[in-house]
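Chemist: If you scroll down you'll find the structure; I have some questions about it.
In the numbering used here, the protein residues as written are 1 to 91.
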(Lines of atoms letter the chains of each structure in order from A and count residues from 1; the text may use other names and numbers.)
(Lines give C-alpha, C1' and ligand atoms only; values in the text may rest on other atoms or scores of the structure.)
Protein backbone atom coordinates (compact mmCIF):
# COMPACT_ATOMS: atom_id res chain seq x y z
CA UNK A 1 0.00 0.00 0.00
CA UNK A 2 1.40 3.37 -0.94
CA UNK A 3 1.20 6.32 1.45
CA UNK A 4 1.06 9.97 0.62
CA UNK A 5 1.30 13.17 2.61
CA UNK A 6 -0.81 14.95 0.00
CA UNK A 7 -3.04 17.58 1.58
CA UNK A 8 -6.76 17.23 0.86
CA UNK A 9 -7.02 21.05 1.05
CA UNK A 10 -3.68 22.38 -0.24
CA UNK A 11 -4.52 25.93 0.89
CA UNK A 12 -4.21 24.82 4.52
CA UNK A 13 -0.50 23.88 4.24
CA UNK A 14 0.72 27.13 5.81
CA UNK A 15 -1.67 26.89 8.75
CA UNK A 16 -0.70 23.26 9.39
CA UNK A 17 2.99 24.14 9.22
CA UNK A 18 2.50 26.96 11.71
CA UNK A 19 0.55 24.61 14.02
CA UNK A 20 3.40 22.09 13.82
CA UNK A 21 5.97 24.65 14.99
CA UNK A 22 3.70 26.04 17.72
CA UNK A 23 3.06 22.56 19.15
CA UNK A 24 6.76 21.68 18.98
CA UNK A 25 7.53 24.85 20.95
CA UNK A 26 4.75 24.14 23.48
CA UNK A 27 6.22 20.65 24.03
CA UNK A 28 9.68 22.21 24.54
CA UNK A 29 11.14 20.47 21.50
CA UNK A 30 12.26 23.68 19.79
CA UNK A 31 12.99 27.14 21.08
CA UNK A 32 10.98 29.88 19.47
CA UNK A 33 7.92 29.93 17.28
CA UNK A 34 7.32 29.86 13.58
CA UNK A 35 6.17 32.66 11.35
CA UNK A 36 4.66 31.79 8.01
CA UNK A 37 5.91 34.86 6.21
CA UNK A 38 4.42 37.51 8.47
CA UNK A 39 6.56 37.09 11.58
CA UNK A 40 3.42 36.63 13.67
CA UNK A 41 2.44 33.59 15.74
CA UNK A 42 -0.03 33.10 18.54
CA UNK A 43 2.68 32.18 21.05
CA UNK A 44 5.46 34.54 19.92
CA UNK A 45 5.48 36.60 23.12
CA UNK A 46 5.74 33.56 25.39
CA UNK A 47 8.46 32.04 23.23
CA UNK A 48 10.63 35.12 23.02
CA UNK A 49 10.19 35.79 19.31
CA UNK A 50 9.52 34.01 16.06
CA UNK A 51 13.01 32.99 15.02
CA UNK A 52 12.39 29.24 15.17
CA UNK A 53 15.19 26.92 16.23
CA UNK A 54 17.95 28.77 14.47
CA UNK A 55 18.71 32.10 12.90
CA UNK A 56 16.88 31.08 9.73
CA UNK A 57 13.83 29.68 11.57
CA UNK A 58 14.57 26.21 10.17
CA UNK A 59 14.19 23.09 12.30
CA UNK A 60 16.08 19.96 11.27
CA UNK A 61 13.22 17.49 11.71
CA UNK A 62 15.41 14.59 10.54
CA UNK A 63 17.56 14.90 13.67
CA UNK A 64 14.60 14.85 16.07
CA UNK A 65 13.69 11.65 17.85
CA UNK A 66 10.84 9.71 16.24
CA UNK A 67 8.94 9.82 19.52
CA UNK A 68 9.15 13.64 19.63
CA UNK A 69 7.97 14.06 16.04
CA UNK A 70 5.17 11.58 16.75
CA UNK A 71 4.10 13.65 19.76
CA UNK A 72 3.80 16.69 17.52
CA UNK A 73 1.72 14.78 14.96
CA UNK A 74 -0.50 13.30 17.65
CA UNK A 75 -1.12 16.71 19.19
CA UNK A 76 -1.95 18.17 15.78
CA UNK A 77 -4.41 15.36 15.14
CA UNK A 78 -6.10 15.84 18.54
CA UNK A 79 -6.48 19.60 17.91
CA UNK A 80 -7.85 19.10 14.39
CA UNK A 81 -10.35 16.45 15.54
CA UNK A 82 -11.48 18.65 18.46
CA UNK A 83 -12.02 21.58 16.08
CA UNK A 84 -13.97 19.38 13.65
CA UNK A 85 -16.15 18.14 16.52
CA UNK A 86 -16.86 21.74 17.58
CA UNK A 87 -17.85 22.65 14.01
CA UNK A 88 -20.06 19.58 13.59
CA UNK A 89 -21.85 20.22 16.91
CA UNK A 90 -22.73 23.67 15.61
CA UNK A 91 -24.45 22.29 12.50
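By construction, the Cβ of each residue, glycine as well, lies at the ideal position given by its N, Cα and C atoms.
Give me the Cα-Cα distance between residue 4 and residue 27, rounded to the nearest whole angstrom.
Modeler: For the purposes of this step, residue 4 is identified with residue 4 of the chain shown, where counting begins at 1. For the purposes of this step, residue 27 is identified with residue 27 of the chain shown, where counting begins at 1. Distance between the alpha carbons of residue 4 and residue 27: 26 Å.
Chemist: Between the Cα of residue 65 and those of 6, 82 and 24, spot the shortest distance and give me the residue it belongs to.
Modeler: By one-based count along the chain shown, residue 65 stands at place 65. Considering only alpha carbons, the answer is 24.
Chemist: Helix, strand or coil for residue 4? Go by DSSP, reduced to three states.
Modeler: Translated into positions along the chain shown, residue 4 becomes position 4. Coil, per DSSP.
Chemist: Between residue 29 and the rest of its own chain, which residues show a CB-CB distance below 8 Å, the 5 nearest in sequence each way excluded?
Modeler: Against the chain shown, residue 29 aligns to sequence position 29. Hits under 8 Å: 64, 68, 71 and 72.
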